[in-house]
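The sequence shown begins at 1321 in our numbering and counts up one residue at a time. Backbone N, C-alpha and C define an ideal beta-carbon position, used for all residues, glycine too.
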Amino acid sequence: MKDSGSRKKMTVHTAAADWDARLRNPDCSDAERDAFRAWYEADPSHREAYELLQEAVSSLLSVAHSPEMRALRDAALNAGPTAEKRRYALVACLAVFALMVPVAANFLRQGNASPGQIETGAETYYATAVGQRSGITLEDGSVITLNTDSRVHVDYSGEQRLITLLKGQALFEVAKDPTRPFIVTAGAQRVVALGTTFDVRLNETAVEVILVEGKVEIEEVPVSGRKKPAPLVQLASGERLVATPKASRPEVTKVDTSKATSWREGYVTFENTPLTEAIAEMNRYSTVRIIPEGEGLASLHITGLFRAGQQARFTEALQVYFPIEAQRDGNVIVLKMSQPR
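1. State buried or exposed for Arg1648, treating a residue as buried only when at least 16 other CB atoms are found within 10 Å of its CB.
2. Would a check of beta-carbon distances place Val1608 closer than 7 Å to chain B?
3. Helix or strand or just coil, what does DSSP make of Ile1653?
4. Where Ile1464 and Gln1489 are concerned, what is the direct C-alpha to C-alpha distance, given to the nearest angstrom?
5. Going by CA-CA distance only, name the one from Gln1509, Tyr1476, Asn1603 that's closest to Arg1500.
6. Could you tell me the boundaries of the beta strand (DSSP E) in which Thr1457 lies?
7. Beta-carbon within less than 7 Å of Thr1564's beta-carbon, same chain only, minus the 5 sequence neighbours each way: which residues are those?
8. By the three-class DSSP mapping on this structure, what secondary structure does Thr1468 have?
9. Is Gln1489 helix, strand or coil when you go by DSSP?
10. Helix, strand or coil for Glu1585, going by three-state DSSP, please let me know.
11. Going by the beta-carbon positions, is the gap between Leu1485 and Ala1513 smaller than 7 Å?
12. If contacts are defined as beta-carbon pairs under 8 Å, then Leu1267 and Leu1595 qualify, I think. What distance do you get, rounded to the angstrom?
13. Measuring CB to CB, does Val1536 end up less than 7 Å from Thr1517?
14. Between which two residues does the beta strand (DSSP E) carrying Gln1509 extend?
15. Give me the residue from Thr1573, Pro1643, Glu1540, Leu1555 with the minimum Cα distance to Leu1531.
16. DSSP three-state call for Lys1579: helix, strand or coil?
17. What does the Cβ neighbour count give for Ala1358, buried or exposed, with the cut at 16 atoms within 10 Å?
18. Over the uninterrupted alpha helix (DSSP H) stretch that includes Ala1358, give me the two end residues.
19. Put Gln1631 into one of helix, strand or coil per three-state DSSP.
20. Going by Cα to Cα distance, which pick from Arg1569, Tyr1446, Val1529 is closest to Glu1559?
21. Answer yes or no: do Tyr1605 and Ala1628 have a C-beta to C-beta separation smaller than 7 Å?
22. Considering only C-alpha positions, which residue in the set Arg1521, Pro1570, Asn1603 is nearest to Ala1580?
23. If we ignore side chains and look at the alpha-carbon of each, how far apart do Leu1372 and Leu1343 end up?
24. Would you kindly work out how many angstroms separate the C-alpha atoms of Gly1586 and Gln1452, rounded to a whole number?
25. So is Asp1340 buried or exposed if we call it buried at 16+ other beta carbons inside 10 Å?
26. Could you pull the DSSP bridge partners for Asp1519 from this structure?
27. Hey, how far is the Cα of Gly1650 from the Cα of Thr1623?
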């Protein structure tokens, strides 16, 4: 019954994409427009699918000129000599968009959760499980938003506000207090701020800091007995710092902060991202693991906006977007390049 429901849902989304393609055609007739209105009003699921598609298309306008989007468009326009074949290819592209950006309300209800909290005197630990996000308001009004599978240690005193990111990723919205610096430590890096908003991510190979607004200084964690190190760099809004143990200096680049912090709204954004990296990112948000196998996948790149934690939808979109096959066994989805027939 579940498979039947999924097929029905996909059929509705495909029909919505088909109508959208017809309506965008300059030769669309009045009779076709009347038929669309009849279809649109016939069932609430039709209206939902069509509105969802419009949301998806609008969300992807910002990457409409990327190489991947141009490739999809060209594939649609060159799919075959007949108008029907070209329209079918365009429908396939639009169907991918519908899969990529479903309504987020349900995910936001599931993803937002109260963090695990352990208090030991003045010190407190907060943590989230895989697939959870959580906002924590501290005593001074500062807010920490924890991403999936993350953990922080909070230690406030009269002189300073110390936060240690022990695992994962967090966004910090810092309340101004010139008398007490707000200091976030992640790995070997330390972020010093007064009143600002910034994102910190810690993984096995790097520390990443993105400044959304304000100013922060990044310095190395002081070593006991040594002189306090000078700041490595001062970030400006819209800049990202990546520090790795092997690099003598951190790398600073410009970044689209709305895309980089889209995880707060339950989305993951990719822009010409290697598919293997995109898969690893999606795996952060779910206990269902996507495993790439075989040659060919490493050369593919993906652009799009996807709902975090929705592994099945992500792999469905990939199978339309690329010549890929997916096989699921329990909590594992194996991706392989399709074999030529």
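Here's the rundown:
1. The count along the sequence shown starts at 1 and reaches residue 1648 at position 328. Under this definition Arg1648 is an exposed residue.
2. Looking for chain B here will not work: only one protein chain is present.
3. The residue you call residue 1653 lines up with position 333 of the sequence shown. Strand at Ile1653.
4. Reading the sequence shown from its first residue, position 144 is the one you call residue 1464. Reading the sequence shown from its first residue, position 169 is the one you call residue 1489. Cα to Cα, Ile1464 sits roughly 10 Å from Gln1489.
5. Numbered from its first residue, the sequence shown carries residue 1500 at position 180. Taking only the C-alpha atoms, the option nearest Arg1500 is Tyr1476.
6. For the purposes of this step, residue 1457 is taken as residue 137 along the sequence shown, with counting starting at 1. Unbroken beta strand (DSSP E) run through Thr1457: 1454 to 1457.
7. Sequence index remark: in the sequence shown, residue 1564 carries index 244 (1-based). Same-chain partners within the cutoff: Thr1525, Ala1526.
8. Reading the sequence shown from its first residue, position 148 is the one you call residue 1468. Coil, per DSSP.
9. On the sequence shown, position 169 is the one that residue 1489 refers to. Three-state result, Gln1489: strand.
10. Taking the sequence shown and counting its residues from 1, the one referred to as residue 1585 is at position 265. Collapsing the DSSP output to three states places Glu1585 in a helix.
11. The residue given as residue 1485 occupies position 165 in the sequence shown. The residue given as residue 1513 occupies position 193 in the sequence shown. Contact: no.
12. Not covered by the structure: residue 1267. The range shown for the chain is 1321 to 1661.
13. Position 216 of the sequence shown, counted from the start, is the residue given in the question as residue 1536. Position 197 of the sequence shown, counted from the start, is the residue given in the question as residue 1517. Not closer than 7 Å, so no.
14. To locate residue 1509, count along the sequence shown from 1; it is residue 189. It spans 1509 to 1513 - the beta strand (DSSP E) in which Gln1509 sits, taken as one unbroken run.
15. Here residue 1531 corresponds to residue number 211 of the sequence shown, with the count starting at 1. Answer by Cα proximity: Leu1555.
16. Position 259 of the sequence shown, counted from the start, is the residue given in the question as residue 1579. Lys1579: helix per DSSP, three-state reduction.
17. Walking along the sequence shown from the start, residue 1358 turns up at place 38. Exposed, by the Cβ-count rule.
18. Locating residue 1358 in the sequence shown gives position 38, counting from the first residue. Segment 1350 to 1362, the alpha helix (DSSP H) holding Ala1358.
19. Residue 1631 sits at position 311 when you count from the first residue of the sequence shown. Gln1631: helix per DSSP, three-state reduction.
20. Along the sequence shown, one-based indexing puts residue 1559 at 239. Ranking Arg1569, Tyr1446, Val1529 by Cα distance to Glu1559 puts Val1529 first.
21. Translated into the one-based positions of the sequence shown, residue 1605 becomes position 285. Translated into the one-based positions of the sequence shown, residue 1628 becomes position 308. The answer is yes: Cβ separation under 7 Å.
22. Your numbering for residue 1580 matches position 260 in the sequence shown. Closest by alpha carbon: Arg1521.
23. One-based indexing of the sequence shown puts residue 1372 at position 52. One-based indexing of the sequence shown puts residue 1343 at position 23. In a straight line, the C-alpha of Leu1372 is about 16 Å away from that of Leu1343.
24. Here the question's residue 1586 lines up with position 266 in the sequence shown. Here the question's residue 1452 lines up with position 132 in the sequence shown. Straight-line Cα distance between these residues: approximately 10 Å.
25. Position 20 of the sequence shown, counting from 1, holds the residue named residue 1340. Buried, because 16 or more other Cβ atoms sit within 10 Å of the Cβ of Asp1340.
26. By one-based count along the sequence shown, residue 1519 stands at place 199. In the DSSP output, where bridge partners are listed per residue, Asp1519 has Leu1491, Ile1530.
27. Along the sequence shown, read from residue 1 onward, the residue named residue 1650 stands at position 330. Along the sequence shown, read from residue 1 onward, the residue named residue 1623 stands at position 303. Distance between the alpha carbons of Gly1650 and Thr1623 is about 28 Å.
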